[in-house]
Amino acid sequence: MQVPELFEMKVSSPVGNLRLIADDEALVAICWYDDCKTPYALHVYNHSDQHNILVQAKDELAQYFNHERQSFDVPTKFLFGTDFQKQVWRALCGIALGQTTSYGALATDIDRPKAVRAVATAIAHNPLSIIVPCHRVVGKQGDLRGFAGGLKNKQYLLDLEQV
1 MQVPELFEMK VSSPVGNLRL IADDEALVAI CWYDDCKTPY ALHVYNHSDQ HNILVQAKDE
61 LAQYFNHERQ SFDVPTKFLF GTDFQKQVWR ALCGIALGQT TSYGALATDI DRPKAVRAVA
121 TAIAHNPLSI IVPCHRVVGK QGDLRGFAGG LKNKQYLLDL EQV
């Protein structure tokens, strides 16, 4: 697959510096700036503070962190990932603000109840942190489990959403 031209913007937030990555049509990644493991990061050649998708994402994230936004309108897409990963990532979008679910429940929701570990692995590779709300997935006892931004930031996001 040929990777389209990608642009990035660094954004400060209450959970640390974020790296926003977009092509001409959509936001394709949000990751922590100093720990961006997404394959998208390998293909970014353009830094832009004017790219309209990146500006929209930055503004919507600021509104979210200021309790002024509960959902995101910025266009998004998954450039990389297996069909299974994309299925899991789409399922994450169905977890409402203020709600959490477990890895097992999410596996059941996508009709793969025995694939809990595979679901957890797909979640760990979510390229659109915060907007695709992997922070809303917790252990079966409600305990916090892994998060790319760290458990402290996962708790911050859940507190922000009043979970």
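Note that UniProt numbering has the sequence shown beginning at 1, numbered continuously upward. By construction, the Cβ of each residue, glycine as well, lies at the ideal position given by its N, Cα and C atoms.
Item: Using the Cα positions of residue 112 and residue 118, report the straight-line distance between them to the nearest angstrom.; Value: 9 Å
Item: Rank 127, 86, 135 by C-alpha distance to the C-alpha of residue 28 and give the top, closest one.; Value: 127
Item: Just to confirm, are residue 72 and residue 131 a CB contact at a threshold of 8 Å?; Value: yes
Item: From residue 49 to residue 58, what distance separates their C-alpha atoms?; Value: 10 Å
Item: When you compare only the Cα positions, how much space is there between residue 19 and residue 34?; Value: 9 Å
Item: Taking 7 Å as the cut-off, is the beta-carbon of residue 131 closer than that to any non-hydrogen atom of the ligand SAH?; Value: Among the components modelled here there is no ligand, and therefore nothing to report on the ligand SAH.
Item: Which word fits residue 151, buried or exposed, when buried means at least 16 other C-beta atoms lie within 10 angstroms of its C-beta?; Value: exposed
Item: When burial is assigned at 16 or more other CB atoms within 10 Å of the CB, is residue 136 buried or exposed?; Value: buried
Item: At what residues does the alpha helix (DSSP H) containing residue 86 begin and finish?; Value: 83-92
Item: Can you give me the start and stop residues for the beta strand (DSSP E) that residue 7 sits inside?; Value: 6-11
Item: Kindly identify the DSSP beta-bridge partner or partners of residue 31.; Value: 19
Item: For residue 161 versus residue 61, is the C-beta spacing smaller than 8 Å?; Value: no
Item: Out of curiosity, what's the CA-to-CA distance linking residue 8 and residue 66?; Value: 23 Å
Item: So for residue 138, helix, strand or coil by DSSP?; Value: strand
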